[in-house]
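Student:
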Amino acid sequence: MPQAIDLNNIYKLRNDFTIIGITGQTGSGCSEVTSQLIKGFDIGIDFENPMIIFQKHGSKFIHNDFRKHRIVYNYAKVNFKPYTEIKYKDIITLFLIKYPLMELEKFLKSVELKNEFIKSEFLPYDFTNEINKISLLEDQFNMLSKKINSIKLDKVKDKKNWKELNDFFIDPAFKEFSRLLHEGLGKNSDKSGESPNSGLSYHKGMQIISNNLRKSGVPYDFNSYDADKIFSIVEVINSIIKSYRHHNKGDRTQIVINSLKNPLEIMFFKERYSAFYSFAINKDKETLKSDLGAKFTMSTHQYDVVKLLDEEYNGAKDEEFFKQNIEECLQLADIHISFLSSKKN
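Residue 42 is where the sequence shown starts when you use the numbering used here, and the numbers rise one by one after that.
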């Protein structure tokens with residue numbers, strides 16, 4: 042009688058190393074799905090035990106979906122371990138602090154930025170309030186800038202600065218600074234009710250910075266173009282992944298990237314890692330516009346919400362492949378998740 046095959050050996054690679062790239066439109070639920078992945082199964086409080094569902098229905102066999110649910114639940118209970126998150130915005134922070142703070146302030150006041158808003162038919166926005174806020178972070182900005190420039194992001198492999206990069210990126214001081222910087226730039230202003238339009242302008246501003254980085258490798262350069270810089274952002278993400286693996290030898294490496302919005306960036310990881318999977322988070326178009334629009338209470342800005350969503354979804358002309366293009370990202374996805382939410386009155 043032939044000996045049974047131990048399937049654990051076959052799937053060991055996937056257990057030890059997995060990269061997930063989350064993609065989806067602004068407000069589609071990417072962060073919510075990511076938060077679930079970084080929690081892992083934990084004690085299962087976010088996952089309803091299928092046996093409880095079974096009991097609710099009088100212990101009758103419900104549907105084949107119940108059996109599938111039970112199999113997935115039992116597997117996840119043992120194997121679903123927490124992922125480590127790499128936030129795209131934290132990678133943007135790494136690029137921003139390579140330059141003096143005054144460069145960021147000059148960018149926010151620039152005619153070029155204003156023209157980008159106008160070109161996209163967005164309402165012009167005055168970032169004076171945001172500039173005042175980030176100026177309060179100058180000491181932290183300068184300290185972290187000195188550290189990251191000593192590591193030299195573009196030469197980590199040559200200098201073998203894996204430990205230094207990993208220590209820097211996982212340092213709670215850097216994470217907190219990045220959070221404060223993006224909040225200062227208006228990330229959560231729509232939640233506080235402080236300035237309904239600045240939250241929307243933040244998203245547009247980050248979109249422009251990301252485009253500049255993929256176009257020229259410099260966050261504040263509107264005019265230069267270098268095709269070799271298209272992978273500027275994901276090459277740094279890749280260095281973060283490698284530094285994490287060097288630091289955690291022998292342990293599982295499970296990374297979730299939140300979130301990728303350029304199809305070439307997804308292809309970058311697909312070509313490098315057989316254990317890379319792209320998760321597309323989908324939300325009904327009208328619900329998405331309604332949910333995101335509700336954050337911006339000034340009716341004059343509702344048009345900007347539609348423009349932002351359409352622009353990031355449809356991408357741009359063929360020669361502008363450095364821009365966001367969610368439609369193509371969704372086509373490249375390995376797994377599609379429909380994000381459903383229920384609202385209680």
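Ideal placement from N, C-alpha and C gives every residue a C-beta, glycine not left out. Predicted, not measured: the structure shown is a model, and the values here were computed from it.
Along the chain, where does the beta strand (DSSP E) containing Y318 start, and where does it finish?
Tutor: On the sequence shown, position 277 is the one that residue 318 refers to. 317-323 is the span of the beta strand (DSSP E), which, as asked, contains Y318.
Student: At the level of alpha carbons, what is the spacing between E144 and S300?
Tutor: What you label residue 144 is simply residue 103 of the sequence shown in a count that begins at 1. What you label residue 300 is simply residue 259 of the sequence shown in a count that begins at 1. Cα to Cα, the separation comes out at about 26 angstroms.
Student: For E179, tell me which candidate among K348, G225, N190 has the shortest Cα-Cα distance.
Tutor: Stepping through the sequence shown from its first residue, residue 179 is reached at position 138. Nearest C-alpha to E179: G225.
Student: So I378 is in the beta strand (DSSP E); what residue range does that whole segment cover?
Tutor: If you number the sequence shown from 1, residue 378 lands on position 337. Segment 376-379, the beta strand (DSSP E) holding I378.
Student: DSSP has K155 in a bridge; who is on the other side?
Tutor: Position 114 of the sequence shown, counted from the start, is the residue given in the question as residue 155. Answer is none; K155 lacks a bridge partner.
Student: Just to confirm, are T9 and F82 a CB contact at a threshold of 8 angstroms?
Tutor: In the structure displayed, the chain extends from 42 to 386; residue 9 sits before or after that span and is not available.
Student: May I have a chain-ordered list of the beta strand (DSSP E) segments no shorter than 3 residues that lie completely inside the stretch 284-311?
Tutor: Segments of the beta strand (DSSP E) lying fully in the stretch 284-311: 294-299.
Student: Could you check the C-alpha separation between F182 and I376 for me, to the nearest Å?
Tutor: Counting from 1 along the sequence shown, the entry for residue 182 is found at position 141. Counting from 1 along the sequence shown, the entry for residue 376 is found at position 335. Cα-Cα distance, rounded: 38 angstroms.
Student: Taking K193 as the reference, give the member of L135, G68, N105, N56 with the closest Cα.
Tutor: The residue labelled residue 193 in the question sits at position 152 within the sequence shown. Minimum Cα distance to K193 is reached at L135.
Student: Any heavy atom of the ligand MN within a distance shorter than 7 angstroms of the CB on N366?
Tutor: Looking for the ligand MN in the displayed structure turns up nothing, as the structure carries no ligands at all.
Student: Tell me whether D131 sits in a helix, a strand or coil according to DSSP, three-state version.
Tutor: For the purposes of this step, residue 131 is taken as the residue at position 90 of the sequence shown. Residue state, collapsed to three classes: helix.
Student: Which class does F58 belong to by DSSP, given the choice of helix, strand or coil?
Tutor: Here residue 58 is taken as the residue at index 17 of the sequence shown, counted from 1. Correct three-state label for F58: strand.
Student: Within the same chain, show all residues whose beta-carbon is closer than 6 angstroms to that of E157, passing over the 5 residues directly before and after it, in chain order.
Tutor: As a first step, residue 157 is located in the sequence shown; it is residue number 116 there, counting from the start. If we look at E157 and ignore the five residues flanking it on each side, its Cβ neighbours are I249.
Student: Under 8 angstroms Cβ to Cβ from N279, same chain only, skipping five residues before and after it: list those, please.
Tutor: For the purposes of this step, residue 279 is taken as the residue at position 238 of the sequence shown. Excluding positions up to five away in sequence, the list reads F309, F310, R313.
Student: From which residue to which residue does the alpha helix (DSSP H) around H110 run?
Tutor: Sequence index remark: in the sequence shown, residue 110 carries index 69 (1-based). Where H110 is concerned, the enclosing alpha helix (DSSP H) stretches over 105-120.
Student: Less than 8 angstroms between the C-beta atoms of A357 and A321, yes or no?
Tutor: On the sequence shown, position 316 is the one that residue 357 refers to. On the sequence shown, position 280 is the one that residue 321 refers to. In this structure, A321 does not lie closer than 8 angstroms to A357 by Cβ.
Student: Just to confirm, are F209 and I271 a CB contact at a threshold of 8 angstroms?
Tutor: Within the sequence shown, residue 209 is the residue found at index 168, counting from 1. Within the sequence shown, residue 271 is the residue found at index 230, counting from 1. Not in contact: F209 and I271 (Cβ atoms no closer than 8 angstroms).
Student: Might you give, ordered along the chain, the residues of its own chain that have their beta carbon closer than 6 angstroms to the beta carbon of A117, omitting 5 neighbours on each side?
Tutor: On the sequence shown, residue 117 is found 76 positions in, with the first residue counted as 1. Same-chain partners within the cutoff: F82.
Student: Reducing DSSP to helix, strand and coil, say where T64 ends up.
Tutor: For the purposes of this step, residue 64 is taken as the residue at position 23 of the sequence shown. It is a strand residue.
Student: Considering only the alpha carbon of each residue, which of T67, D87, A316 lies closest to Y354?
Tutor: Taking the sequence shown and counting its residues from 1, one reaches residue 354 at position 313. The residue with the shortest Cα to Cα distance from Y354 is T67.
Student: Assuming A214 is part of the alpha helix (DSSP H), what are its boundary residues?
Tutor: The residue labelled residue 214 in the question sits at position 173 within the sequence shown. That run of the alpha helix (DSSP H) goes 213-225.
Student: Under DSSP, the alpha helix (DSSP H) around E146 begins and ends at which residues?
Tutor: For the purposes of this step, residue 146 is identified with residue 105 of the sequence shown, where counting begins at 1. Counting along the chain, the alpha helix (DSSP H) containing E146 begins and ends at 142-150.
Student: Give me the residue from G62, M184, K200 with the minimum Cα distance to F215.
Tutor: The residue given as residue 215 occupies position 174 in the sequence shown. The shortest Cα separation from F215 among G62, M184, K200 belongs to M184.
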